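> Here it is, the structure in full.
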Ligand SMILES: [Zn+2]
C-alpha cells in the first residue's frame, strides 16, 4: 500500500506513522530521514542537499524529488511505503505521480489527520520545561505538583519559544497556506481520506485502519 500521510504540526502525524508502519509492514519515509541518510552516505544528491541546509535554505524541489525517487525504488518499498512530510506542494505531488507512473504505480491513499487549530494550540502551548533538568510537563495533562516548579529539582519551569501561542499559530497558518492546494489536488483525484485526530492516539489509529480497510 502506497500512502501519503498529512496533518498539521502537532496533529500527531509522526506517532501515527510509526504505528501504521508496524501494522502495514512497510517503511515510514520522512524527508528529514532521507536527507540525513544521504548526507551520511555522501551521495551526490545528499551533498547538494547539505549545501542548501548549511546555508539555512530550503532544499529545492529537484533535489528533494530525486532523493525521494531513489528511496522509493529501494527493495523494502516494493510492497509499499508511508510518505511523511512529502509531498508538500502540488508540484511535488505531480512529480511523485510521474515517478510512480513509470512503473505503472500510483498513490493508493492520502490520509489527512484533522484537528482544529484551537485544539493544537491548546495541546502545544501547555508544554513547559524545567530550565534546570529539562523534564517536560503539560499544564493540563501532566502538571507539576507545585505550580510552576519542577518536581525533581524545584527549579522554575519555562515555555520554549516553539511552544508559544504566536509561534504555533504562525506555523499552523504557514502549513494551511501551503497544503490547501495539495489537499484539493488529492481530493480531486478521489484518494483523499480525512481522519478526525481529536480523540486518543489509539482511537485515531483505529480510524486510520478502518479507512484503509485493515481492521479485520
Ligand atoms: Zn527540573
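In this note's numbering, the protein residues as written are 1 to 216.
The beta-carbon is built from N, C-alpha and C at its ideal position, and this holds for glycine as well.
Please read all numbers here as calculations on a predicted model, not as lab measurements.
Among 179, 193, 104 and 202, whose alpha-carbon lies nearest the alpha-carbon of residue 91?
If you number the chain shown from 1, residue 91 lands on position 91. Of the candidates 179, 193, 104 and 202, the one whose C-alpha sits nearest the C-alpha of residue 91 is 179.
> Give me the pocket residues for ligand 1, defined as CB within less than 6 Å of any heavy atom, sorted by chain position.
Going along the chain, the residues that qualify are 130, 132, 133, 135, 150, 152, 153 and 155.
> Are residue 165 and residue 103 close, meaning C-beta to C-beta below 9 Å?
Along the chain shown, one-based indexing puts residue 165 at 165. Along the chain shown, one-based indexing puts residue 103 at 103. No, the pair does not count as a contact, with Cβ atoms beyond the cut-off.
> Once DSSP output is grouped into helix, strand and coil, what is the label at residue 135?
Translated into positions along the chain shown, residue 135 becomes position 135. Residue 135: coil per DSSP, three-state reduction.
> Secondary structure at residue 145, three-state DSSP: helix, strand or coil?
For the purposes of this step, residue 145 is taken as residue 145 along the chain shown, with counting starting at 1. Note: residue 145 maps to coil in three-state DSSP.
> Shortest alpha-carbon distance to residue 30 belongs to which of 5, 12 and 117?
Here residue 30 refers to the residue found at position 30 of the chain shown. Per the Cα distances, 5.
> Can you name the start and end residues of the beta strand (DSSP E) that residue 30 belongs to?
Position 30 of the chain shown, counting from 1, holds the residue named residue 30. Residue 30 -> beta strand (DSSP E) spans 28-30.
> Taking buried to mean at least 16 other C-beta atoms within 10 Å of its own C-beta, is residue 185 buried or exposed?
Your numbering for residue 185 matches position 185 in the chain shown. Under this definition residue 185 is a buried residue.
> On a Cα-Cα basis, can you pick out the residue from 129, 159, 190 and 117 that is closest to residue 108?
Locating residue 108 in the chain shown gives position 108, where the first residue counts as 1. Nearest C-alpha to residue 108: 190.
> With a threshold of 16 other CB atoms inside 10 Å of the CB of residue 158, please say whether the residue is buried or exposed.
Translated into the one-based positions of the chain shown, residue 158 becomes position 158. Exposed: under 16 other Cβ atoms inside 10 Å.
> With DSSP collapsed to three states, give me the class of residue 52.
Residue numbering aside, residue 52 sits at position 52 when the chain shown is read from its first letter. DSSP places residue 52 in helix when its eight states are reduced to three.
> Do three or more CB pairs link the stretch 205-215 to the stretch 19-27 at distances below 8 Å?
Yes, they touch.
> Report all residues from its chain with a CB closer than 7 Å to the CB of residue 145; omit the five preceding and five following residues, and keep chain order.
Start at 1 with the first residue of the chain shown, and residue 145 comes out as number 145. Excluding sequence neighbours, residue 145 sits near 151.
> Going by DSSP in three states, residue 25 sits in which element: helix, strand or coil?
By one-based count along the chain shown, residue 25 stands at place 25. In this structure, residue 25 counts as coil in the three-state DSSP scheme.
> Based on the DSSP secondary-structure assignment, which residues constitute the bridge partners of residue 128?
The residue given as residue 128 occupies position 128 in the chain shown. 137, per the DSSP bridge assignment.
> Excluding the 5 residues flanking residue 143 on each side, which residues of the same chain have their C-beta closer than 8 Å to its C-beta?
Against the chain shown, residue 143 aligns to sequence position 143. 137, listed in sequence order.
> Check whether the stretch 59-78 and the stretch 33-41 touch, using three or more Cβ-Cβ pairs below 8 Å as the test.
With the cut-off at 8 Å, the stretch 59-78 and the stretch 33-41 touch.
> Residue 113: which of 2, 10 and 194 sits nearest, CA to CA?
Here residue 113 corresponds to residue number 113 of the chain shown, with the count starting at 1. The residue with the shortest Cα to Cα distance from residue 113 is 194.
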